[in-house]
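In what follows, a single structure is set out as structure tokens and then discussed.
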Amino acid sequence: MSDPICFFNQLTLQWSHEPLWSGLSSSLPAGVTALVGPNGHGKSALLGVLAGRYLPTHGQVTWSVPFYYQTQLDPLTGPRVADALGVASLFDAFSRLEQGDAEPSDLERVADHWHRPAEWAKQLADAGLEPDLGLPVEALSGGQRTRLALCRALMQTGHYLLLDEPSNHLDSAGRHWLQQALARHPGGALVVSHDRTLLRGVDRILELRNGQLVEYGGGFDLYQAQRDAQLAAQEQRLDHLTGQQRRLQQQQQATLEKAASRRQQGMQERRSHSQGKLLLGLRKNRSEQTQARLSQQQTQRRDALNEDRQTAQAELEQLRTQRLLITQPKVTGAVQVHLANLRLPFVRQPALSWTVHGGDRWRVTGANGCGKSLLLKCLAEWIEPLAGEREVRGSVRYLDQHFSGLDPSASALENLQRDQPERPASELRTQLASVRLRGDQALQPVASLSGGERLKVALLSILSHQTPVDILLLDEPDNHLDLDSKALLEQALLDYGGTLVIVTHDDAFAEALALGHELKLGEPGRAHS
611 MSDPICFFNQ
621 LTLQWSHEPL
631 WSGLSSSLPA
641 GVTALVGPNG
651 HGKSALLGVL
661 AGRYLPTHGQ
671 VTWSVPFYYQ
681 TQLDPLTGPR
691 VADALGVASL
701 FDAFSRLEQG
711 DAEPSDLERV
721 ADHWHRPAEW
731 AKQLADAGLE
741 PDLGLPVEAL
751 SGGQRTRLAL
761 CRALMQTGHY
771 LLLDEPSNHL
781 DSAGRHWLQQ
791 ALARHPGGAL
801 VVSHDRTLLR
811 GVDRILELRN
821 GQLVEYGGGF
831 DLYQAQRDAQ
841 LAAQEQRLDH
851 LTGQQRRLQQ
861 QQQATLEKAA
871 SRRQQGMQER
881 RSHSQGKLLL
891 GLRKNRSEQT
901 QARLSQQQTQ
911 RRDALNEDRQ
921 TAQAELEQLR
931 TQRLLITQPK
941 VTGAVQVHLA
951 NLRLPFVRQP
961 ALSWTVHGGD
971 RWRVTGANGC
981 GKSLLLKCLA
991 EWIEPLAGER
1001 EVRGSVRYLD
1011 QHFSGLDPSA
1021 SALENLQRDQ
1031 PERPASELRT
1041 QLASVRLRGD
1051 QALQPVASLS
1061 GGERLKVALL
1071 SILSHQTPVD
1081 ILLLDEPDNH
1091 LDLDSKALLE
1101 QALLDYGGTL
1111 VIVTHDDAFA
1121 EALALGHELK
1131 LGEPGRAHS
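One point on numbering: in our numbering, the residue at position 2 of the sequence shown is 612, and numbering is uninterrupted.
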């Protein structure tokens, strides 16, 4: 086994008054390691500490190789693809040589780099991008910009990569490319991800949960098997403690009944004068002392069992999936969406004709930039089509990728109160607690929550109304969600009986939702089931 690339020892990071986590120690070997865990438990913060972006409150990090840190929020630099890749100087020198405008310094600059243009072109082509380094970055879609940022990271062949949710916003082809590219990257990588397809290809998984870092060897399937075993063991432990509590209560009841019987017997003996007063008094004192001792022992045992059971219950709650309930609409099977020769703005998408009936479950697919989000915005009447007919019947709720319906300066509770003013605050806080946004988290500004936590608030704001919704339009709702929360969303959407139109690039997520129809954009003709 190769030597570890990075050591970190007793890391503690304190935000506000409480530590986000403390005493974390581990090492990063060669190969690809995934970092998973519930939203808000500090995965991105740990990545930032390892990268030197944040200073830990305590502990230290030691690297034996250079590293490259890439987050979703890091902007691409420069106006052209060459600038974004960090190769503008070499690219411009090669361009001047090709045009016959080279200076003597250009020959010196490219002397040992004649192979680089071919490498750049291959890297971009493998990522599904145009191999034109002079292309303006602003001409690229969001998914294409994500691929470009990852290309820059993967070009750092001698660096260990620290990547935060790299597959978000990538289409299916992009996710497949990323998985293969990471496996080939010689420097190794630590990847924060909840993409199950990507996780199946990693060498090991680290889970950060409740301030503890636990290692699972192998990919997602082995991780899931071990987690299921932990859940079964914890449920068995809780059942055992519950049984012990029940038996202790029975013992306490039996002890009380026995003591009452002895008191009754003593009273009868005193009335009958069959025993001397002194002897009766001694027997009474011994009995009371024995009863007090037993009562104290049983009380201590009861308190210890209660504490153990509360701990086991809390640990089980962390292992069990959360709950997200959707109010069910009446489904008639009538036509709810009808598009005829519809043309979307901003994209070169062929005219679209499409019919959706009540209760249909559609997956919208296509390459990045083909207009999937635009279609959902058009159905939600956020934008107008260029041409064609659009008819939508029934109530519609739309969740976009940027959670535009949330007020980031308001708390999670305040956002729900704005959207559901008819519900009391206690009921809304119960909803938030059901997706593990408890206590002070429900009162923090949404902007201070993690991406996954913000998505949970957005989902609650559109899915948990007392008035049911006929048509749900969801644009990549699985982005940012941890594995537990994906299971939560899968179950909620699987139970939803209304019309569902969803954009997702996660094949495992789509399969779990039993989506019976697929609309492929970027292809001429009508939609197919």
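Glycine residues also receive a C-beta, built at the ideal position from the N, C-alpha and C atoms.
query = DSSP three-state call for G998: helix, strand or coil?
reply = strand
Expected contact under 8 Å - CB spacing of A737 and R757 to nearest Å = 4 Å
request  = Just the C-alpha distance for G669 and P629, rounded to the nearest angstrom, thanks.
outcome  = 13 Å
Proximity of L560 and L750 at Cβ, strictly below 8 Å = The structure shown does not extend to residue 560, since the chain is modelled only from 611 through 1139, so no value can be given for it.
query = Taking the alpha-carbon positions, what's the P1134 to T1114 distance?
reply = Residue confidence for P1134 is low, a pLDDT of 46 falling below 50, so the modelled location carries little weight; the figure read from the coordinates is stated next. For P1134 and T1114, the distance between alpha carbons rounds to 21 Å.
query = Quick one, which of D1116, F1119, V1111 and A1118 has its alpha-carbon nearest E1128's?
reply = V1111
query = Assuming D1080 contacts P939 under a Cβ cut-off of 8 Å, what Cβ separation, rounded to an integer in Å, is found between them?
reply = 5 Å
request  = In angstroms with no decimal places, state the Cα-to-Cα distance between A839 and G647.
outcome  = Those two C-alpha atoms are separated by around 17 Å.
ask   = First and last residue of the beta strand (DSSP E) that includes L630?
value = E628 to L638
request  = Could you check which residue in T937, R953, F617 and Q859 has the C-alpha nearest to that of Q910?
outcome  = Q910 has its Cα closest to that of Q859, out of T937, R953, F617 and Q859.
Presumed contact (8 Å Cβ cut-off) between Q1027 and L1038, rounded CB distance = 6 Å
message = Taking DSSP's pairing of strands, which residues face I815 in a bridge?
response = A644 and Y826
message = Please give the ranges of any alpha helix (DSSP H) in the segment 1030 to 1110, keeping only runs that are unbroken, at least 4 residues long and fully inside the region.
response = 1035 to 1044, 1061 to 1073 and 1093 to 1105
query = Between P614 and G650, what straight-line distance do the alpha-carbon atoms span, to the nearest angstrom?
reply = 28 Å
Three-state secondary structure (DSSP) of R785 = helix
Anticipated Cβ contact below 8 Å, D774 with T643, distance rounded = Contact flag wrong, Cβ pair sits at about 14 Å.
task = Would you tell me roughly how many angstroms separate the C-alpha atoms of L686 and A759, rounded to the nearest one?
result = Between the alpha carbons of L686 and A759 lies a distance of about 7 Å.
query = Hey, out of L1016, L985, Q1011 and D1010, whose CA is closest to E1001's CA?
reply = Ranking the options by Cα distance to E1001, first place goes to L985.
Exposed unless 16 or more other CB atoms sit within 10 angstroms - verdict on T807 = Flag for T807 reads buried.
ask   = Is the beta carbon of A1097 less than 8 Å from the beta carbon of V1067?
value = Not in contact: A1097 and V1067 (Cβ atoms no closer than 8 Å).
request  = Pick helix, strand or coil for R958, following the three-state DSSP scheme.
outcome  = Judged by DSSP in its simplified three-state form, R958 adopts coil rather than helix or strand.
key: Residue nearest to E1032 in terms of C-alpha spacing, selected from H1075, Q1011, L623 and P796   = H1075
K732, buried or exposed, once every other Cβ within 10 Å from all chains shown has been counted against 16 = exposed
request  = May I ask you to report which of helix, strand or coil DSSP gives G669?
outcome  = Three-state result, G669: strand.
key: Supposed close pair H779, D1092 - CB separation, criterion 8 Å   = In fact, because the Cβ distance is near 17 Å, the residues do not count as touching under 8 Å.
message = Going by C-alpha to C-alpha distance, which of A997, G633 and P714 sits closest to P960?
response = A997
task = May I ask which residues mark the beginning and end of the alpha helix (DSSP H) holding E708?
result = A698 to Q709
query = Per DSSP, what kind of secondary structure is A950 in: helix, strand or coil?
reply = In this structure, A950 counts as strand in the three-state DSSP scheme.
key: Which residues DSSP lists as bridging L984, in chain order   = BP columns for L984 are empty, so no partner.
query = K940 by DSSP, collapsed to three states: which one?
reply = coil
key: For A799, the residue or residues it bridges with in DSSP   = V642 and L771
Start and end residues, alpha helix (DSSP H) containing W730 = R726 to D736
Rounded separation between G753 and R857 - CA only = 60 Å
ask   = What three-state label does DSSP hand T865 in the structure shown?
value = helix
ask   = By DSSP, does P714 sit in helix, in strand, or in coil?
value = Annotated three-state conformation of P714 is helix, per DSSP.
task = Give the DSSP bridge partners of N619, in chain order.
result = N619 pairs with Q670.
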